[in-house]
Amino acid sequence: MRDERSLFINIVALLILSVIGFYIYKVSMDTGKGIKITDNITPQMRVADRFMNKNVIKEESKYVWGGTAENTSANIVTSVVVDYRLFDTTLEVIVLFVTILGFGFVIPKDKRKIIKPTTILNRWAPILMILMLMIGGYMFVNGHLSPGGGFPAGAIISTAVLIGVLAGRKTLSQKTLKIIEAVAGISIFSLGIASFVITGNFFQNFILNDRIGDLFSAGLIPIFYGLIAFKVAAELSNIYFEFYEEC
Amino acid sequence: MNSIVFLIVIPLIAAFLSLFLGKNDKILAYIVTLFNIIFSILILFSGKIPFNVAIGGWRAPYGINYAVTDLTIFFLVLVNVAALLALTSVREIMEYQFYSFYFVLLSSTNGIVLTGDLFNFFLFIELSTFAVAGLISYKRDRLSTGAALKYLILSSTASIFSLAAIGLIYKTLGTLNFADIANKVNNLNEASLSLILILYISSLLVELKIFPFNMWVVKAYEASKTSVNLFIHGMLGTAGIYGVLRILLMVFSKETGKLTLSGNLSSILMLFAFVTVIIGEIGALTEKNMKKILAFSSMAQLGIVLFGISLGSFDALKGVLYIVISNYLAKFVMFLTVNEFSKVSGSTNYLDMKGLGRRYPVLAISFTISALSLMGIPFFAGFWGKISIIGNAVFSGKLELIGAVLILIASVIEGVYYLRISHTFFSQGHEREGRISRVYCLLPMILALVILFIGINPDSFENIISILLDEIKSPEKYIKLILSLK
Amino acid sequence: MIEILRVFLFGFFAIFIGLFFMGIGRKIIARIQLRLGPPFYQAFLDVGKLFSRKSITHNFVMDLGMVMSLAGLVATMLFVPIAGHTAIKTSSNLIVIMYLMAIGYLGMAMAVAASGNPNATIGVSRALTMMLGYEVPFFTVMLGLIIINGTSSLELIANSQAGSILNWNMIKFPLGFIAAEIALQAMMGEKPFDAMIAPAEIASGPMVELSGKYLGLAFLTHAVSIFVETAIIVNLFMGGASNIFTFVLKQFEIYLITVIIEAVFPRFKIEQAVKFLWTVPMSIALLQLVLIVF
Amino acid sequence: MVEIFIIPLVTAFLLAIFIRNKKVVWPLFLISNLYILLKLWTLFGKWEIEKTIYTNYELFGAKLSFTLSNNPLGWYFAFFSAVITLVISVFSLGFNQKTKENVAPIWMLIIFSNLGIFFAADWITFFMMWELMGWTSFFAITNGRDKALNEAKYYLVLSLLGASSMLIGIILLGALTGSFEIFASAYGLVQVFYSEKALSIAAIMLLLFAFFIKSAIFPFYMWPSKVYAVGPEDYITFMSSVMIKYGIYPIAMFIVPVVGSLDLPKILNTANWIQYFVGYLGAISAVLGTILAIFQTDMKKLFAYSSVANMGYILLGFASMNIVGFEGALFHAVNHMVLKAAIFLTLAAVIFRTGESEMHKLGGLVYRMPITFLTFLLGIIAAAGIPPLNGFGSKWMIIQALMSQKMIIFAIAMIFASTGAFMYLFRALASIFLGQLPDRFKDIKEVPLTMLIPMIIMMIGMLLIGVVPGVVMKPLTTALRAVGYNVNIASWTSLEGALKNSTIDLTLVFLIFLGGFVISAIMYILGNKSETVPQEDNYTGGEYPEEWGVNADRFNYSYSFYQPFKEMFEPLLEKISIDEFFASIGRNFEYMSATVQGLFRRGEGAVLLFSIGVLLLILGGWII
Amino acid sequence: MAQLFILSSISLLFIGLFGVLTRKNIVKILIALNIMETGINLLLVAFGYVENGIVPILTSNESIMNLTKMVDPVPQALVLTSIVIGLGTTAFSLALAIRYRYNHNSLSIRASEEEEGVNI
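Written out as structure tokens, the structure reads:
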């Protein structure tokens, strides 16, 4: 507490937090009628039930392993993210796009000192990069079957780029990254428009009749995930290049 | 009518394209904005309103849906027209990021108005936050960096609150759809609902510039360009008002279309509202910087809007809509005037603008008309709002009466500082170098004439408002529209 | 035609009586101060002398003002019933009388202010201040009488006291009479309240620049004002009179009181005078008023 | 009916277009005013004319409509204000030759609202016109000059406050009586008064508050002195004569009938408390206005306070709740219009020639501007309420009414005020026109003909109304009869009092005065010849002691004219300084403003305040 | 289990909020914000948690039988989104912070007010 104002603010903050805490406690202890926040509500009582049973459109439809369903992704989280609530996911991509754009925009462009990479790093970098790219590729290709998907895949790919940057190997130019980013972004929406043209609904999965559990299943989901992965990778790499450029 | 999504998608695609077009971004911006306006007007006259669009074909409570009702289309047109009007104040060549942010803001404000899903709504708000933060920091000087940072930190905190509320809603009601929530909200426990509402309202009020939540406003307005001010005012502000109307009156309302918050929550909201009005007007009283004055003033106007909403009467809501439209038009006129004048005088201090009203009477008179409308003087649009809100507040109770009196006193203060500025415009000044093209005087004049027209002939606007009120009066129609769609 | 004649008759009568009173007053004061004093007709001699002399004027405003001052008081006089008669048949409204009197003072003030002499201006300013001082208590007394009689006609008030001496307002409302008497002292500009003239201090104040016929007109104005003011008091408090001699006698009684007070008192400063008028006679008058109304 | 509203609007628009061309603006202004006057002339007696505009705008479940109707009382005010306006606009023709700024378009808008206020048949229309007049006055007062800003702001604040209170009052009234029409709401208010006492009284008080502000009644008596001192002189003439009556008209139109028909308990068997409330405010305004006017050195401020005092008289007339008092008040409104216009026109003429409004810097102008002097002389005689001129009759009626109602304190206040009026009026006369002519004004001339004609018209007007009061009283009684009062006027020349046997014939008074004048003139002529000498000859011995630094300019002795009197009142005035009170409010607001601005400039605290907001919400939600 | 998650996430939220409220250094504030975001993510996941639940991924025919045991997939999807938003916020704010440091030569949030001479 270096000055009185800080002391005052600390006390006020503690006060506020304690009141909020006590309020939450009181609400959770409430005994009134109706659904309470502490009630034990299972996913079956929520919209998630339909997502898990994959019968959003037809209530009675049942599905079997290896058969077809309205959404053929085996990973239900993925089907929520990339199919049922695909628009959220695209917006999320846009959020990333905007923030990285803002990042590049406001960061001051002053000179930085370059530290020359060591030989070990320089040598091992390509190998690491290839490994990482492989893992990343695997992740988004298998996003509809197992945990993972576009975002982690993109992050991993961008880490590969980071290693390249650290090793002094300029694998990509910023211009290329920008193009990748834009093309991926536009492609996501182009797919949406395509589905609008084909089925009349935006972002509708128009590749049907796949089998659950197959690698090539789930219609557009892997494609979307791939595009997202590229976009995320390009955007995150952009951050590294922001710093690298000034070297 | 599934093509309504293009209102959001086309600007987003344009945001990507803007990375490459360089100086042609401006043309792209105009094309996209015009597209949005024309498209929304086409929908307005298509005769299919109301309708509901399920994204990806997933029906309402499960997928994301965009609902177009009368209220939606009204605000949609307002937002898109605001975008075009604000774009006209962009004169110099901007870096491409400016346009990218603009496109994202355009798409997100359209999305805020269109969406029927709570989480989607949250995402659009986040998106607009980042876009606005980027736009605020566009100048990248001391002031704008601080302002953007302040705004970003504040709205991130708010977004965490609202995310908690969304989580709680999903946990208790198991749905994220507006209509579904409105359908089920009566099952919710009283205390739990007020917790959720407190968390959610506090984040909404940040966008609505209500007093303890609005520390970002003044700095943000001061630090940014006029066009950005107009974006914040016309697009984000209008969309925010829509959000409040929709969420407080039609989603979390236990009675039809009324603000029925548990406990004294609505009293507290009212308290916030008139404190905001007072704070805004008092803050502007001795201020010299025009942008800050306008920031304080728009804060106060939104305070009146919230006051009207929290009165919980449809007559007052009508007044709110009048205030919204009056504030919407008036602030455009004012910002555009200030923009032109500050270019000639070289500063945003109104004392430096002495005598400009004599050389450019059209601009100065338009400014005066807008000021009078904001004060709620008869013959201008704001009057119809003021009389309705005050009239309903007087009989609602003690707190409401105090609020009404305070708002009237605040409008006196508003009169003092606005007419003082008008006077400064008309007083004797010295000769200056710069010139203002007559073309730029045209837009404020037209907008001021619209204010005057609504003020003299409220019939013209009354019919629109009665349609909007009808929708707010019967949220069950909205619920039926969205949930019964296969 | 007969009206015009009456107007002249009444006017000159008032001037005559006023000058007569003035002369007697000077004599009485001299006697009180153990002097011989001038003869009682000295005032007539003075006026004659002044009118026959050549005089100095500065501009037309002075002429206009002096004429206006006498005109105002003569006009006032024509409203006051003298022993039941007025020059022209009117309701002899008290308020009209009070206001008409002011035009005389205004004319006088205008004339002397036009002379540009600072002493005269000071005198006028004191006179006007004094006016505010005495008008208020005097009016308060009047108000009581007006309210109790339900009329503001001086004639009716006088008539209502007809009969025995016990019907006189002087007897019925002694407090009011005392207040009115004090106010009258100030109204006439007599001794305790003569700060506006104060010969030793501001060289006779308003009169300082007047000479010849202007001073003569001022003399006449004063004479008429004495007549008017005493006549008002007589009508208000002493029940008027049945014939003109009794009336003048009653007027003289009033004037005698004034003159005696004048002879023995020193001078108030102007603010002292106003304060005195607003405290002593005013409270007496208010007390009387309260007694009357409630 | 409609055209008298369209013409001002169109003219205002045209004036705004031709604003730079003085040769067009002022004649156009004049023609428009002439047209309005003629049109109003034709409207006399046609009380049934009405124009309603219907809207879809709903308030309290009823659709609003705006009605303008030719109501008799409104016509009475509108007509005389139009006459005065026309005269002033002739004056403006000459007066505005030199000025840089141009107040005409705004002024025309005010004339529009003027007509609207007097012809409005429902409160909403009335309120709209009222507000229009408020803000336009602000611009008219400043007229683009920075030195007038503070005063204009003061006026604006009061005017907006008044309008706000009026808005609440109207809303209360509308909700109580279910109608916004003025007459209907008056009837309705009388009906519901006993069941909804508190609300009804609140409505009346709120409306009175607004009217008092506009008419500069006691707590708000400061604005005329501030505003008149700085505004453009010709506009100020309009303001002081016409605009200050805006509060009077609705009181006569609404408050008096309502309070008159209520059966409230009487205090001491004289009058009810509302009457006393109104009356005390009127009495305080009359007395305070008089006292303050006595102390002014600026002539426009002096007459501003004089207006305050006169508004006090009018209010006293209303407070008497007596038909004579009522008539007298309305009569005095027009009398005051005429005489204040005359006085302010002469002041404007003086300022036009000398550019000086401090009285002690002027003097002796009578030798250079005799007609102006004569107008001024008649004006102050009228203002003092001295018989042959027009101020007397109405004042007399008001005093009669007060006496007949036994309102002794009000009557005394009125006498005090009108006696005090002699003091300040004479002071103005002596300082401006009499005394010495300063050297620097040796060469000024009488004002041009366009400015003389209005003054002469005003002189004739004052004399005419003073001698033949029927000129105003006839239309007034006709109008009042049309509204439903049982009044009459015996002849063109006489006035009826409230007391027994108190009819006075003003023509007779004039003739008697003439008789007195003849006697006096005979005496004057009888005297020996007189010789005109320069002023200085007599008391300065014909020369100025130059080595003392004294010259003719420095020899003016009217700066602290009533110094002893002032010393008596100073402690009292210091105690009740309303001005200081308002100023301290203003300072507090400025301090708060700086605080709020600081709050928003701070870097930290944003999230803290956010959390405090959440905290408040929690506390609000908690207290179930 | 779920209570534990919720309690820990709420404590994370409070710690973060306290940090945001009281810290002067912008970087510390951003760290606090990140803590809050972590807390909220944990909270959301905890809301969707089922006692002894399994991952909502179909791996075989049996897992279709066990649908009722699966945890709620929707909060996880939301969290996925909110993580990205958190990332974006942090990145943007940090860039702004760097710019702030560059402009004001300080990272204190009071730096901006000190030079403007605010004293309240």
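Protein chains in written order, with my numbering: chain F, 3 to 249; chain R, 320 to 805; chain C, 369 to 662; chain U, 15 to 638; chain Y, 2 to 121. Backbone N, C-alpha and C define an ideal beta-carbon position, used for all residues, glycine too. Predicted, not measured: the structure shown is a model, and the values here were computed from it.
Which chain F residues are close to residue i, counting only those with a beta carbon under 8 angstroms from its beta carbon?
i	result
Ile-773 (chain R)	Here the premise fails: no neighbours, minimum Cβ distance about 36 angstroms.
Ser-10 (chain Y)	The contacting residues do not exist; Ser-10 (chain Y) stays about 12 angstroms from chain F at best.
Mind pulling the chain F residues with CB within less than 7 angstroms of residue i?
i	result
Ala-78 (chain Y)	Val-79, Val-82, Val-83 and Arg-87
Met-37 (chain Y)	The premise fails here: Met-37 (chain Y) is roughly 12 angstroms from chain F at the closest Cβ pair, so nothing lies under 7 angstroms.
Find the residues of chain R that neighbour residue i, judging by a C-beta separation of less than 7 angstroms, and give them in chain order.
i	result
Asp-160 (chain U)	Ser-746
Arg-1 (chain Y)	Residue coverage of chain Y in this structure runs from 2 to 121, which leaves residue 1 (chain Y) outside it and unanswerable.
Can you look up residue i in the DSSP assignment and give me helix, strand or coil?
i	result
Thr-66 (chain U)	strand
His-331 (chain C)	This structure leaves residue 331 (chain C) out entirely; chain C is present only between 369 and 662.
Thr-546 (chain U)	strand
Leu-403 (chain U)	coil
Asp-436 (chain R)	strand
Asp-431 (chain C)	helix
Leu-222 (chain F)	coil
Val-387 (chain R)	strand
Ala-635 (chain R)	helix
Thr-519 (chain C)	strand
Closest Cβ-Cβ distance between residue i and chain F: below 7 angstroms?
i	result
Tyr-381 (chain R)	yes
Ile-110 (chain Y)	no
Thr-656 (chain R)	no
For my contact list, residue i and residue j are in at a C-beta cut-off of 8 angstroms; report their separation, rounded to the angstrom.
i	j	result
Val-429 (chain C)	Phe-447 (chain C)	No, Val-429 (chain C) and Phe-447 (chain C) are not in contact; Cβ-Cβ is about 27 angstroms, not under 8 angstroms.
Met-499 (chain C)	Phe-436 (chain U)	6 angstroms
Ile-258 (chain U)	Ser-214 (chain U)	Contact doesn't hold; Cβ gap of about 28 angstroms is too wide.
Met-469 (chain C)	Leu-513 (chain C)	Between Leu-513 (chain C) and Met-469 (chain C) the Cβ distance is about 18 angstroms, and since that is not below 8 angstroms, they are no contact.
Output, in chain order, the set of chain Y residues within a Cβ distance shorter than 9 angstroms of residue i.
i	result
Val-352 (chain U)	Going along chain Y, no residue has its Cβ under 9 angstroms from Val-352 (chain U), so there is no contact; the nearest lies around 57 angstroms.
Give the interface partners of residue i over in chain Y, defined as CB-CB distance under 8 angstroms, in chain order.
i	result
Ser-625 (chain U)	Leu-18 and Leu-22
Gly-486 (chain R)	Ile-41, Leu-44, Leu-45, Phe-48, Pro-76 and Leu-79
Tell me, please, whether the CB atom of residue i is closer than 7 angstroms to any CB atom in chain U?
i	result
Ile-18 (chain F)	yes
Val-2 (chain F)	Residue coverage of chain F in this structure runs from 3 to 249, which leaves residue 2 (chain F) outside it and unanswerable.
Does chain Y have any CB closer than 7 angstroms to the CB of residue i?
i	result
Ser-741 (chain R)	no
Met-54 (chain F)	yes
Met-3 (chain F)	A caution first: Met-3 (chain F) carries a pLDDT of 44, below 50, which makes its placement in the model too unreliable to give a value.
Taking 7 angstroms as the CB-CB limit, is residue i close to chain C?
i	result
Ala-285 (chain U)	no
Does any residue of chain R bring its CB to less than 7 angstroms from the CB of residue i?
i	result
Ile-86 (chain Y)	yes
_With a threshold of 8 angstroms, are at least 3 pairs of Cβ atoms found where one atom belongs to the segment 350 to 370 of chain R and the other to the segment 472 to 484 of chain R?_
Counting Cβ pairs under 8 angstroms, fewer than three are found: no touch.
_Counting beta carbon pairs with one atom in the segment 520 to 534 of chain R and one in the segment 498 to 506 of chain R, are three or more of them shorter than 8 angstroms?_
When Cβ pairs closer than 8 angstroms are counted between the two stretches, the segment 498 to 506 of chain R is seen not to touch the segment 520 to 534 of chain R, the count staying below three.
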